[in-house]
Amino acid sequence: MLSRVRAFVMAISHRFRMEAAMDEELRFHMEAHAEDLVRSGLTRREAERQAAIAFGAVVAVKQDCRRALGLRLFDEFAQDIRYAARGLRRNPGFGAAVALTLSLGTGATTAVFSVADEALFRPLPVPQAERLVNIFALDRKAGRYVSSSFPDYEEFRQRTTTLEHLSAYVRFQVNATVRERTDRVQIEAVTGNYFSMLRLNPIKGRVFRDTDDSAAAEPVALIHEEYWQRVFDNDPAALGKTILIEDRPFTVVGIVPRRFRGPNLNWQEPPQVWIPLRAAASVVPPFANLFNLRAPWLVMIGRLNPNYTAHQADVEFKTIAAGLAHAEPGTNRDLTAVVLGASESKFWPAYRNEIGQSIGIFALASVLVLLLACANISNLQLARALARRREFAVRVALGAAHMRLVRQILTESLLLAVPGCLVGFVIALGLQAILIRVPNAFGLPLALDLTMNDRMGVFSTAITGTAVLLFGLFPALRATRSDAATSLKESGNALSPGGDGWLRNGLVVAQICFAAILLTGGGLFARDLLRSYSIDPGLPMDHLLTATFGTPTNPALLGGFRRAQTELEQRLSDLPTVESAALARENLLSPVQGSIPVESQESGPILLQRNFVDPGFFHTVGIDIVSGRGFPTNRATGQQTFAVVNGTLAARARHGSDPVGMLMKMQGASIEIIGVARDAKYGSLWEEPKPYIYLPLSPEGPPPNYLMVRTRVAPEQMAPLIRREWERIGSHAPMYDFRTGEDLLNASLAPQRVAAGGIGAFGILALLLASLGLYSVLAYSVKQRTRELAIRAAVGARPGVVIWNVMRRSLVLAAAGGVIGIALGAAVMRVLVTRLSGLSMEGGVVFSSVAALLACMSITASLLPAFRASRINPGSALRGE
Amino acid sequence: MDKTVELIPGTLDLLILKAVSLEPLHGYGVLLRIQQICRGALRIQQGSLYPALYKLEAEGLISSSWGQSENNRRAKYYDLTEAGRARFLQESQKWTRVVAVMSAALRA
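Respectively, the protein sequence lines represent chains A and B. Its first residue numbered 60, the first sequence is counted upward by one per residue in the numbering used here. Its first residue numbered 9, the second sequence is counted upward by one per residue in the numbering used here.
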């Protein structure tokens with residue numbers, strides 16, 4: 060068997076060489092024979108003639124030889140392709156429609172797959188990535204995942220037997236200066252064994268060794284290939300160069316390949332620079348204290364020992380964690396460890412459901428589009444195959460095998476699939492490009508690397524193959540099943556509608572049903588989006604500009620930085636184009652907000668989200684103080700003891716009565732509430748009203764990270780001006796990420812927009828496809844019923860009756876598909892999106908709009924066939940019989 | 009009276025295996041060898057030899073290689089493989105039995 064396969068493969072791959080060899084061999088035979096004949100006394104000419112006769116027909120022999128090698132299949136396939144191509148050339152519209160339909164289906168599915176693959180499945184780009192595990196600490200009492208402390212890491216690392224290596228890392232942002240240019244960069248401080256644990260080789264230089272990760276070691280850094288390109292212009296001499304991280308010199312010792320984007324997709328961007336963990340203390344001095352404290356700041360990742368599974372590691376780490384909880388009850392009492400495969404936990408585990416759900420919706424939508432495309436093509440193919448029944452019958456009568464005809468139709472499908480698949484791949488790349496440009500598309504800041512890759516190609520090919528089977532096999536079996544005799548007797552205009560009506564009707568109902576599901580889903584998301592525009596963010600978002608400061612982590616640089624910030628605020632306030640400017644610790648409508656523990660007599664200890672703001676803040680961003688006052692502008696007296704609370708917190712703190720003047724305890728000190736600010740949206744537009752506290756910025760407290768400017772002109776115009784002003788002041792800290800109020804709103808709405816836009820676009824696409832399917836079924840049935848309709852016309856049926864007859868069929872099909880589809884759509888949405896739980900009147904609007912849309916579609920699709928039916932001329936139609 | 013007989017279907021393969029079991033032969037050589045061992049009593053359509061050779065090679069019973077012919081030309085030589093040798097023994101025993109059974113039956 061094996062040798063057969065080998066011979067077949069060899070014969071196909073070396074087709075030309077094989078043919079040449081065969082020719083040579085046969086020629087040799089005849090010439091040798093002729094020579095023998097010459098020797099026996101014949102003339103050369105006569106000898107050659109006789110040798111040729113004795114040999115037989117060379118062409119037939121060669122054909123038999125090829126067959127003996129198993130090449131017949133191959134030859135027939137080539138023949139099928141030529142035949143199919145001829146057929147398609149005669150009917151290019153059909154071919155284009157099928158290829159386009161298919162490409163839309165596979166393109167959408169492939170794009171969604173690439174996102175799902177990147178976020179959920181694809182292994183990290185390192186050797187034996189399946190052996191890598193992430194270890195997360197889980198606070199059982201609070202039910203959330205937290206970071207780990209350095210002493211805990213050390214304990215785990217020394218006691219584990221299931222892991223070969225255990226590493227820890229921490230991610231933060233710093234200012235890095237190369238050639239006088241300062242950038243804000245994502246940096247990963249890692250233990251010395253990190254890269255050897257990953258088995259990641261640098262493209263140049265070396266990775267860290269254990270000796271690099273000690274307090275006494277020379278400070279060294281690794282840079283990402285992208286950073287090397289961007290900042291060092293691919294200079295090979297970058298190795299050995301110095302890079303200033305927060306004004307501390309680090310020597311670049313290696314370049315990390317582009318494909319590695321860190322083990323964790325959180326934090327929006329991949330790391331660009333790596334430094335040893337111990338060296339991080341020189342950049343962020345508070346880190347120095349953390350090596351002996353059980354305070355959470357690290358994430359752990361490790362490589363399994365051979366023969367151990369992630370589950371065994373999980374059991375072991377839980378045991379070690381239990382021991383630590385016992386030994387260190389003060390800090391570790393509620394902590395346990397969770398070990399997860401690194402490829403399955405590319406972000407904090409808590410996000411997994413959210414991301415899975417949001418990708419699931421898109422996956423479902425794209426699969427529906429694909430199924431719809433298949434149903435559509437199946438229908439078109441079926442119509443075409445049925446029209447060719449006589450041709451098939453003739454071929455069967457002439458001795459073609461049944462399977463041969465099935466193969467013929469499948470080949471045609473394949474021929475359509477190849478361009479469909481290619482165009483689909485291009486569409487998928489286009490969709491990726493769109494997704495990349497929508498920040499926060501999935502509601503979470505993930506550093507997704509959406510680029511073309513081999514897995515996408517394999518998926519696209521596989522899905523196309525499946526589609527070909529789905530849409531090709533069905534009509535193929537169906538059309539070739541009929542026996543030759545009846546089909547040949549049947550004429551093209553037969554009275555009988557044929558037994559395939561139910562099948563084609565079913566396919567159309569399915570298409571309309573899929574379209575209805577997508578439209579319902581898209582409609583519900585769109586309604587959601589519309590409703591969101593009426594949500595009050597609590598402040599005017601027009602004429603607002605925010606910018607991010609690259610706040611130094613090095614305290615030595617902080618004094619100058621803060622003076623520069625104040626100077627900038629002052630200068631901007633003096634500009635005629637600026638209404639006012641302010642500084643704050645947290646940005647507006649930003650998912651990341653710090654929190655602080657606060658205690659009051661009424662509420663007991665609570666964790667509050669907070670912002671540190673300067674006196675100009677409330678005026679600048681336009682959050683009204685509804686009671687009491689804001690922060691005073693004279694910064695002299697100990698302002699740290701004041702606080703402004705929001706309406707929700709005020710209502711909670713004193714059960715409705717005015718909390719101004721009330722005292723709260725915060726980190727041991729007593730603070731006085733001096734004002735109440737109107738509620739606003741802090742993290743996202745969708746959040747419920749939540750308690751929030753504003754504290755005054757102070758020189759001892761954390762520095763402000765954000766600049767907020769209320770402009771008198773279009774805010775985007777101001778960005779370059781502000782940047783220039785900042786550079787003129789001469790701070791080396793970068794300023795970046797300028798966002799207008801509108802940008803902030805858009806980022807907050809991005810998931811809804813992507814969902815409404817994406818699913819809605821799929822829905823409209825589906826509607827178009829379904830109407831095409833409906834049209835083709837109606838047109839075919841009118842053509843088939845020509846005789847019946849002609850007789851009706853002859854006995855006096857009015858055109859109106861005929862038209863209604865066709866339209867009724869269209870409406871019945873649309874109604875059947877629509878009812879099932881809307882019901883399924885509503886059910887699916889209810890399961891998927893908990894936020895849409897209150898489907899009531901508003902849902903009703905969506906459902907009735909979808910129903911109306913489907914009704915319009917079905918009438919439009921039936922117009923042309925109905926008109927044609929009403930114009931049938933009984934005389935010519937019946938004579939044509 | 010013509011003393012040659014038509015080939016019984018399926019026997020050509022066996023004759024080819026027999027022919028190349030003695031020494032490697034090119035296609036024409038196989039034909040000559042068969043005619044020689046049958047003393048010209050078998051009529052073979054020469055062309056039909058090649059599909060049979062290709063099939064046996066595809067089945068791994070014989071192997072081929074290019075070599076020099078007796079008149080110094082490039083020719084494709086066929087040789088028996090181990091699998092081919094085993095098959096040849098098996099098939100020839102079977103053939104002998106069939107002939108014995110058939111002869112006995114017809115004599116009865």
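Using N, Cα and C, we set each Cβ at its ideal position, and we do this for glycine too.
Of all residues in the segment 118–130 of chain A, the ones placed with a Cβ closer than 9 Å to any Cβ belonging to chain B are A119, V120, K121, Q122, D123, C124, R125, R126, A127, L128, G129, in chain order. The alpha-carbon of I823/A is positioned some 21 Å away from that of R590/A. Non-local C-beta neighbours of L441/A in its own chain, meaning closer than 8 Å and more than five positions away in sequence, comprise F533, P534, R537, A538, D559, L562, R563, L566, ordered along the chain. DSSP, read as helix, strand or coil, puts M723/A in strand.
Think of a sphere of 8 Å around the beta carbon of P17/B: no beta carbon from chain A falls inside it, the nearest being about 14 Å out. The three-state reading of DSSP puts N323/A in coil, since its state is none of H, G, I, E or B. For Q98/B, no Cβ of chain A is located within less than 8 Å of the residue's own Cβ. For H224/A, the enclosing beta strand (DSSP E) has its first and last residue at 222–237. Taking 4 residues as the minimum length, the segment 573–619 of chain A contains no alpha helix (DSSP H) run wholly inside it.
What Q53/B touches in chain A, judged by beta-carbon distance under 7 Å, is G115, going in chain order.
At a cut-off of 8 Å between beta carbons, R95/B makes no contact with chain A. Counting the other CB atoms within 10 Å of its CB gives F690/A a total of 16 or more, which places it among the buried residues. With fewer than 16 neighbouring CB atoms inside 10 Å of its own CB, L114/B falls in the exposed class.
Taken through DSSP and simplified to helix, strand or coil, T692/A comes out as coil.
Taking the C-beta atoms as reference points, R190/A is found no nearer than 8 Å to L324/A. At least 8 Å separates the beta-carbon of I436/A from that of A401/A. In the DSSP assignment, D21/B falls within the unbroken alpha helix (DSSP H) covering 19–30.
By the neighbour-count definition (other C-beta atoms within 10 Å, threshold 16), E84/A is a buried residue.
By the 16-neighbour rule on beta-carbons within 10 angstroms, I493/A is exposed. DSSP places Q416/A outside any beta strand (DSSP E); the residue lies instead in the alpha helix (DSSP H), whose first and last residues are 408–446.
About 6 Å separates the Cβ atoms of L667/A and P750/A, confirming a contact at the 8 Å cut-off.
Taking 8 Å as the cut-off between beta carbons, the residues of the segment 14–38 of chain B near chain A are H34, G35, Y36, in sequence order.
With respect to chain B, the C-beta atom of H92/A has a partner C-beta closer than 8 Å. Judged by DSSP in its simplified three-state form, N193/A adopts strand. In the three-state DSSP reduction, Q668/A falls in the strand class (E or B). Distance from the CA of A409/A to the CA of Y212/A, rounded to the nearest whole angstrom, comes to 21 Å. Residue-level contact check: F87/A touches chain B, since one or more beta carbons of chain B fall below 8 Å from its beta carbon.
For M515/A, the enclosing alpha helix (DSSP H) has its first and last residue at 513–527. Contact of A83/B with chain A by beta-carbon distance below 7 Å involves F87.
Bridge partners of N705/A according to DSSP: A736/A. Only residues of its own chain outside the window of five on either side were considered, and among them I24, A27, V28, L57, L61, Y86 have a CB closer than 8 Å to the CB of V38/B, listed in chain order. Between L937/A and Y834/A, the C-beta gap is not smaller than 8 Å, which leaves the two residues out of contact. One finds nothing in chain B with a Cβ atom closer than 8 Å to the Cβ of E375/A; even the nearest lies about 53 Å away. Not a single C-beta of chain B is nearer than 8 Å to the C-beta of E413/A. Per DSSP, reduced to three states, the secondary structure at E775/A is helical. Every candidate alpha helix (DSSP H) stretch fails here, since none sits fully inside the segment 254–288 of chain A while reaching 4 residues.
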